[in-house]
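A short write-up of the structure that comes next.
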Amino acid sequence: MNTIAPTDVQVGTVADFPEGEIRPATLPDGTVVAIYNVDGTLYGTADLCSHGEASLSEEGILTGTTVECPWHFGTFDVTDGRATGMPCTVPLKTYTVKIANGNVYVESR
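Under our numbering, the first residue of the sequence shown carries the number 10, and numbering increases by one thereafter.
Here it is in structure tokens:
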């Protein structure tokens, strides 16, 4: 079971993040986090591609643990934010995503 810290922000319920899809979550400071559901495990990264600033939650293509940017087709590993395909070279910021009592939380740091 995940321990929820005071810095964790509830962004929805598990049902809000369907398997195999990407959904946006907005933190209190306005930061948008892309939440990915890969085989029932949730991952979070910065929503904007580090290369062209396209929204990954709105237009990204998720295949396994890889998200492809729609603008220039660069790719990232959603588990650690690592850039895995050109032209992307700068990793995405990652966010810890927790589930407790059916609710989804993102670590706001």
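Every residue, glycine too, gets a C-beta built ideally from N, C-alpha and C.
Given the structure is predicted, the values throughout are model-derived calculations rather than measurements.
- For L57, the secondary structure class from DSSP, reduced to helix, strand or coil, is strand.
- By the criterion of a C-beta distance shorter than 8 Å, G49 is surrounded in its chain by E28, once the five residues flanking it on both sides are discounted.
- Here L51 is bridged, per DSSP, to N46.
- C-alpha of C58 to C-alpha of N110: approximately 31 Å in a straight line.
- The segment 95 to 108 makes contact with the segment 69 to 87: 3 or more CB pairs, one atom from each, lie closer than 8 Å.
- Secondary structure at S64: strand, using DSSP grouped into helix, strand and coil.
- Straight-line spacing of the CA atoms in I13 and A63 works out to 31 Å.
- The bridge partners DSSP lists for A109 are N112.
- For F26, same chain residues with a beta-carbon under 7 Å away, outside a window of 5 residues either side, are R32, I44, N46, L51, V113 in chain order.
- Judged by their CB atoms, S66 and V106 are not nearer to each other than the 9 Å cut-off.
- For D38, the three-state secondary structure derived from DSSP is coil.
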